[in-house]
Each structure stands twice: as structure tokens, then as C-alpha cells.
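Going line by line, the protein sequences match chains A and B. Residue numbers for the first sequence, in this note's numbering: 8 to 122. Residue numbers for the second sequence, in this note's numbering: 86 to 199. Data block below; observations after.
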Amino acid sequence: GAGVSQTPSNKVTEKGKYVELRCDPISGHTALYWYRQSLGQGPEFLIYFQGTGAADDSGLPNDRFFAVRPEGSVSTLKIQRTERGDSAVYLCASSPTGPKDTEAFFGQGTRLTVV
Amino acid sequence: KNQVEQSPQSLIILEGKNCTLQCNYTVSPFSNLRWYKQDTGRGPVSLTIMTFSENTKSNGRYTATLDADTKQSSLHITASQLSDSASYICVVSGGSSNTGKLIFGQGTTLQVKP
């Protein structure tokens with residue numbers, strides 16, 4: 008596609024529910040990144056995929072968070088037993104080959120609200 | 086600890102005026118430094134990217150500087166426009182050799198008033 012696309016753009020869920028956030032990277036980009044941005048803060052790293060594998064998942068805050076990229080393109084961030092503290096904008100980015108790329112392209116984000 | 090600190094946290098200027106945003110970082114080793122503009126409700130969009138050997142780069146009315154010795158960068162906006170109102174985020178790539186962790190500052194929120 009022309010850019011990184013994230014769906015849904017907004018998601019409201021009840022505490023304790025399970026949610027899935029989807030990211031469609033730019034076609035052909037092998038590197039995909041998930042970030043979380045709380046209100047008034049800069050984005051925080053969650054996980055980085057190189058192809059189908061998670062090359063670095065050290066930013067995932069706990070085992071309620073999980074992400075997959077089964078075919079090396081679309082990625083899904085999954086959050087189990089959501090908590091109010093999970094409310095944030097979840098940003099996805101992709102780049103052609105990896106972290107040393109000079110450019111990473113961001114999607115518009117999914118705003119998650121846990122009530 | 087790898088960190089990126091930005092100042093000021095927020096800034097209000099009148100349309101047509103210039104402004105300068107600051108970024109200090111402690112990321113080591115250093116790969117590159119990027120300035121992003123983030124409009125409300127949108128993802129960040131890259132303005133400039135500088136590597137260790139570059140000390141200035143311009144993109145229209147935006148000029149970024151980098152002093153790799155003092156680990157400081159600035160973003161200068163000339164002749165501001167209302168559309169410049171946004172959050173400006175300094176991002177440093179570096180740390181471990183192959184990590185995906187772009188290290189973000191907390192951003193400077195710029196408001197340009199008519």
C-alpha cells in the first residue's frame with residue numbers, strides 16, 4: 008500500500024477484555040515496529056519484527072501483550088485482560104530492511120481506551 | 086541509560102516568528118538523529134535525519150543541527166505558519182548494534198497563534 012495503515016483507528020473496550028490491533032506495513036518492508044504513546048509522551052518501543060520473527064520484544068510491558076506477523080507483512084498486536092493503564096495510542100511503523108534504515112514510516116495509530 | 090531529553094516542553098509563538106527547539110541525548114553508540122513532526126491524532130512524520138558526520142540539515146523552513154561531541158541537536162523553524170502547530174519529537178537511533186529501539190524524546194508541543 009501507499010503508507011502504513013492501522014485499524015481500527017479507535018477502539019474502546021471494557022477492562023478485562025481482549026483486543027487485537029492490526030498494522031498493514033508498506034508493501035515490501037521487512038521491518039515492522041510497534042510503539043505505544045501515552046498522552047503527552049513520546050512513543051515507547053514495544054516490539055520489532057524482521058520478517059516473520061520478533062527480533063526484539065524487550066519493550067512488551069508484560070505477558071498480556073503479544074504480537075505476531077505470520078506471513079511477514081500484516082502484524083497484529085494482541086492485548087489480553089486489558090487494564091485501564093493500557094489506554095494509549097498504539098503506533099506501527101515499517102522500514103525497508105531494519106533499524107539502520109534512515110527512514111521509518113509511521114501509521115496514524117490506534118487509540119485504545121479501556122473503560 | 087539511553088535517554089533523549091527535549092526542551093521546552095511546550096512553546097507558543099506568533100505566526101511569522103522563528104523558534105528553536107532543543108534536544109539532548111545520552112544514547113551510545115549513536116547511529117542517527119531524527120526530528121519528527123506529529124500532528125494531533127496522526128502518526129509522526131519525518132522532517133530530517135542526520136548521521137554522526139552531519140552537523141546541519143534543512144528541509145524547507147526547518148533546519149536541524151547536530152553536535153555529536155556535546156550530544157545536542159536543535160530544530161529551528163523559520164517564519165512559522167499556523168500549520169506548524171504540532172508536537173516535534175527528537176528520536177535517536179543507536180544503543181545496541183541491531184535493536185529496533187528508536188529512542189524517542191517526550192516531544193515539544195508548539196502552538197503557532199495568528
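Ideal placement from N, C-alpha and C gives every residue a C-beta, glycine not left out.
Interface residues of chain A facing residue i [CB-CB closer than 9 Å]
i                            : result
phenylalanine 189 of chain B : Tyr42, Gln44, Gln48, Gly49, Pro50, Glu51, Phe52
methionine 97 of chain B     : This sequence places isoleucine at residue 97 of chain B; methionine is not what is there. Residues of chain A passing the Cβ test: none, with the nearest at roughly 16 Å.
isoleucine 174 of chain B    : Gly49, Pro50
glycine 145 of chain B       : Under the 9 Å cutoff, chain A gives no residues; its nearest Cβ is about 17 Å from glycine 145 of chain B.
Beta-carbon contacts of residue i that lie in its chain and below 6 Å, excluding the five residues immediately before and after
i                         : result
valine 177 of chain B     : Val89, Tyr110, Val112, Leu118, Ile188
threonine 136 of chain B  : Asn117
histidine 161 of chain B  : Thr105, Thr148
asparagine 144 of chain B : Leu132, Thr133
Three-state class that DSSP yields for residue i in the structure shown
i                        : result
serine 168 of chain B    : helix
aspartate 93 of chain A  : helix
tyrosine 110 of chain B  : strand
alanine 51 of chain A    : Strictly speaking, residue 51 of chain A in this sequence is glutamate, with alanine absent from that position. Strand.
asparagine 87 of chain B : coil
asparagine 69 of chain A : coil
lysine 156 of chain B    : coil
glutamine 87 of chain A  : coil
alanine 61 of chain A    : strand
leucine 46 of chain A    : coil
aspartate 31 of chain A  : strand
Under 9 Å between C-beta atoms of residue i and residue j
i                         : j                            : result
glutamate 78 of chain A   : threonine 104 of chain A     : no
asparagine 103 of chain B : serine 165 of chain B        : yes
serine 82 of chain A      : tryptophan 41 of chain A     : yes
leucine 28 of chain A     : leucine 84 of chain A        : yes
glycine 192 of chain B    : phenylalanine 115 of chain B : no
serine 117 of chain A     : threonine 14 of chain A      : In the sequence as presented, serine is not what sits at residue 117 of chain A; that position holds threonine. Contact flag set, yes.
tyrosine 121 of chain B   : phenylalanine 52 of chain A  : no
glutamine 123 of chain B  : serine 168 of chain B        : no
glutamine 107 of chain B  : proline 93 of chain B        : yes
histidine 141 of chain B  : threonine 150 of chain B     : According to the sequence provided, residue 141 of chain B is threonine. The question's histidine does not apply to it. Contact: yes.
Partners in chain B for residue i, counting only beta-carbon separations shorter than 8 Å
i                      : result
leucine 98 of chain A  : Gly128, Pro129
alanine 111 of chain A : Ser131, Leu187
Own chain residues within Cβ distance below 7 Å of residue i, not counting five before or after
i                        : result
glycine 49 of chain A    : none
isoleucine 97 of chain B : Gln196, Lys198
arginine 91 of chain A   : Lys22, Val121
isoleucine 33 of chain A : Gly8, Gly10, Val11, Ser101, Phe112
arginine 76 of chain A   : Leu39, Phe56, Thr59, Ser82
aspartate 93 of chain A  : Ile86, Leu119, Val121
leucine 98 of chain A    : Tyr42, Gln44, Pro50, Phe113, Gly114, Gly116
7 Å Cβ cut-off: residues of chain A touching residue i
i                      : result
glycine 192 of chain B : Gly49
Chain A residues whose Cβ lies nearer than 8 Å to that of residue i
i                         : result
isoleucine 162 of chain B : By Cβ distance, chain A contributes nothing, its closest Cβ being about 19 Å from isoleucine 162 of chain B, past 8 Å.
8 Å CB neighbourhood of residue i in its chain, flanking five on each side removed
i                     : result
valine 26 of chain A  : Lys18, Thr20, Lys85, Ile86, Thr89, Leu119
leucine 46 of chain A : Ala95
alanine 74 of chain A : Trp41, Leu53, Ile54, Phe56, Ala61, Asp64, Leu67, Ser82, Thr83, Leu84, Lys85
serine 16 of chain A  : Gln115, Gly116, Thr117, Arg118
Proximal residues of chain B, C-beta to C-beta of residue i below 7 Å
i                      : result
glycine 116 of chain A : Gly128
Contact with chain C by residue i, beta-carbon distance below 9 Å
i                    : result
valine 89 of chain B : Absent here is chain C; the protein component of the structure consists of chains A and B.
Ignoring anything shorter than 3 residues, give me the beta strand (DSSP E) runs that lie fully in the segment 92-137 of chain B, in order along the chain. 95-99, 104-110, 115-123, 130-136
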